[in-house]
Amino acid sequence: EPSLSGDFSIIMEWADEIRRMKVRANAETPLDARTARKFGAEGIGLCRTEHMFFNDERILAMREMILSDKEEQRRMALAKLLPMQRADFIELFEIMAGLPVTIRLLDPPLHEFLPKTEEEINEVAQAMGVSADKLKERTEELHEFNPMLGNRGCRLAISYPEIAEMQARAIFEAAVAAAKSTGQPVIPEVMVPLVGVASELTYVKKIIDDVAKEVLAESGAELDYLVGTMIELPRAALTADTIAKEAEFFSFGTNDLTQTTFGISRDDAGPFLETYRKKGVIEQDPFISLDVDGVGALVKIAAEKGRSTREGIKLGICGEHGGDPASISFCETVGLDYVSCSPFRVPIARLSAAQAACRNK
Ligand code: PEP
Ligand code: MG
527 EPSLSGDFSI IMEWADEIRR MKVRANAETP LDARTARKFG AEGIGLCRTE
577 HMFFNDERIL AMREMILSDK EEQRRMALAK LLPMQRADFI ELFEIMAGLP
627 VTIRLLDPPL HEFLPKTEEE INEVAQAMGV SADKLKERTE ELHEFNPMLG
677 NRGCRLAISY PEIAEMQARA IFEAAVAAAK STGQPVIPEV MVPLVGVASE
727 LTYVKKIIDD VAKEVLAESG AELDYLVGTM IELPRAALTA DTIAKEAEFF
777 SFGTNDLTQT TFGISRDDAG PFLETYRKKG VIEQDPFISL DVDGVGALVK
827 IAAEKGRSTR EGIKLGICGE HGGDPASISF CETVGLDYVS CSPFRVPIAR
877 LSAAQAACRN K
């Protein structure tokens with residue numbers, strides 16, 4: 527297993543004395559969380575829960591949930607998923623032992639959860655007790671031409687509130703259990719993705735708060751938690767003062783914010799951006815190094831607007847840029863509280879954050 531040692535770890539300690547921003551990791555598996563801690567991560571800044579549903583057993587239950595038109599069947603599918611999610615979160619909370627953990631509600635492009643092959647359709651149809659033809663029809667109804675701009679993020683939580691309920695319950699029950707097993711307070715940060723309009727967050731936050739009340743009443747335990755949102759759409763950045771009325775923290779999703787600000791698909795950008803670079807039309811791939819003039823301007827606006835409503839609102843970044851030295855330097859100038867990056871980038875981020883703090887003095 528990787529770890530830092532010798533002179534390198536001494537240099538990292540010096541960097542830690544200088545830096546102001548915290549460094550967290552994007553992690554959803556126990557291995558990633560352990561690696562992140564070994565590299566010095568001070569929490570999880572993004573747990574992408576959609577990655578937890580792709581094994582055979584879980585995806586079948588998720589497909590039943592999404593494709594069934596019977597409430598009872600949807601509830602049963604979620605009842606299968608709840609204990610698995612709870613166990614996922616308990617493990618993460620235990621590994622992070624009192625450090626902050628931000629868990630994002632499900633954010634897949636919907637099509638990633640739909641059955642694709644004949645075999646998959648037959649399997650789900652059988653599990654649901656419907657004909658393959660009927661299931662195929664339902665799957666086709668849900669087909670999207672542009673899934674990255676489709677039913678994902680908080681839109682999914684509004685279309686299928688039961689999923690958000692299940693996840694919120696799993697998070698809070700896990701927090702109560704992990705606080706007991708570790709003897710450390712666990713304060714989960716529940717993050718709502720792809721909010722563009724404050725009322726979306728109001729809708730989803732109510733689901734989260736209602737579940738928290740229920741879990742509190744059932745367990746008799748104390749439970750502190752934060753509800754916040756990603757800022758990853760230009761509209762969210764421009765209306766961040768209104769969104770901050772509901773959000774206790776913002777995390778900048780600069781992958782989607784770059785995609786939506788440039789109007790360039792993050793999945794298709796590679797080849798032509800490379801051509802642009804070769805021809806000198808752009809210097810940097812904006813998906814790798816933050817575009818300070820455009821995307822960065824939106825980050826600044828959102829930070830200012832967020833602070834104008836909620837002084838000291840916790841601000842972080844969890845897009846790929848959170849592990850890029852030049853982008854980290856920009857984050858320091860905006861005064862973000864933390865950057866979050868992939869576990870193997872944590873040492874680079876610690877050094878870059880220190881360098882940025884020196885430069886900004
Ligand atoms: C982002 O959009 O920057 C982000 C962190 O979320 P994801 O990459 O999962 O869309
Ligand atoms: Mg995103």
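Under the UniProt record's numbering, the first residue of the sequence shown is numbered 527, with each subsequent residue one higher. Think of the CB as a built atom: it goes at the ideal place given N, C-alpha and C, for glycine as much as any other residue. Computed from a predicted structure; not experimentally measured.
Straight across, the Cα-Cα distance linking residue 736 with residue 565 is about 37 Å. The shortest CA-to-CA distance from residue 573 to any of 590, 580, 615 and 764 is the one to 615. A contact is defined here as three or more CB-CB pairs under 8 Å, and the stretch 775-792 fails this definition with respect to the stretch 646-656. Set against 7 Å, the gap from the CB of residue 781 to the closest heavy atom of the ligand MG is smaller. From the listed residues 709, 846, 876 and 529, the smallest Cα separation to residue 812 is found for 846. Counting only the Cα atoms, residue 678 lies some 13 Å from residue 687. Residue pairing by DSSP puts residue 718 in a beta bridge opposite 755. By the 16-neighbour rule on beta-carbons within 10 angstroms, residue 808 is exposed.
Relative to the ligand MG, residue 719 has its C-beta within less than 7 Å of a heavy atom. For residue 572, the CB falls within less than 7 Å of some heavy atom of the ligand PEP. Counting the other Cβ atoms within 10 Å of the Cβ of residue 728 gives fewer than 16, which makes it exposed.
In chain order, 617, 618 and 621 place their CB closer than 8 Å to the CB of residue 556, counting only its own chain and leaving out the 5 sequence neighbours on each side. Within its own chain, the residues whose Cβ lies closer than 6 Å to the Cβ of residue 856, once the five positions on either side in sequence are excluded, are 816, 818 and 822, listed in chain order. Residue 538 is not a Cβ neighbour of residue 863, given a cutoff of 8 Å. Between the stretch 731-746 and the stretch 668-676, the count of C-beta pairs closer than 8 Å stays below three; the two stretches do not touch. Where residue 574 is concerned, the enclosing beta strand (DSSP E) starts and stops at 570-574. Pairing residue 820 with residue 787, the inter-Cα distance amounts to about 7 Å. Along the length of the stretch 651-716, whole alpha helix (DSSP H) runs at least 4 residues long occupy 658-667, 680-685 and 687-708, reported in chain order. When secondary structure is reduced to three states using DSSP, residue 551 falls in the strand class. In the DSSP assignment, residue 884 falls within the alpha helix (DSSP H) that extends over 872-886.
No heavy atom of the ligand PEP is found nearer than 7 Å to the CB of residue 722. CA-to-CA, the gap between residue 873 and residue 664 works out to about 47 Å. In this structure, the ligand MG has a non-hydrogen atom nearer than 7 Å to the beta-carbon of residue 758.
Of the heavy atoms belonging to the ligand PEP, none sits nearer than 7 Å to the Cβ of residue 811.
Residue 628 is positioned such that its CB atom lies closer than 8 Å to that of residue 777. Between residue 755 and residue 773, the CB-CB gap stays under 8 Å.
Per the DSSP secondary-structure output, residue 843 pairs in a beta bridge with 778 and 865. Residue 831 sits buried, since 16 or more C-beta atoms from the chains shown fall within 10 Å of its C-beta.
With a cutoff of 7 Å, residue 845 counts as near the ligand PEP, since its C-beta is closer than that to a heavy atom of the ligand. Residue 792 carries a coil assignment under DSSP once its states are collapsed to helix, strand and coil. At a Cβ-Cβ threshold of 8 Å, residue 570 and residue 639 do not count as neighbours. Boundaries of the beta strand (DSSP E) harbouring residue 629: 627-630, taken from the DSSP string. Residue 605 and residue 632 have their alpha carbons spaced roughly 16 Å apart.
Between residue 714 and residue 701 the beta-carbon gap is near 5 Å, inside 8 Å, which marks them as a contact. In the DSSP assignment, residue 856 falls within the alpha helix (DSSP H) that extends over 851-860.
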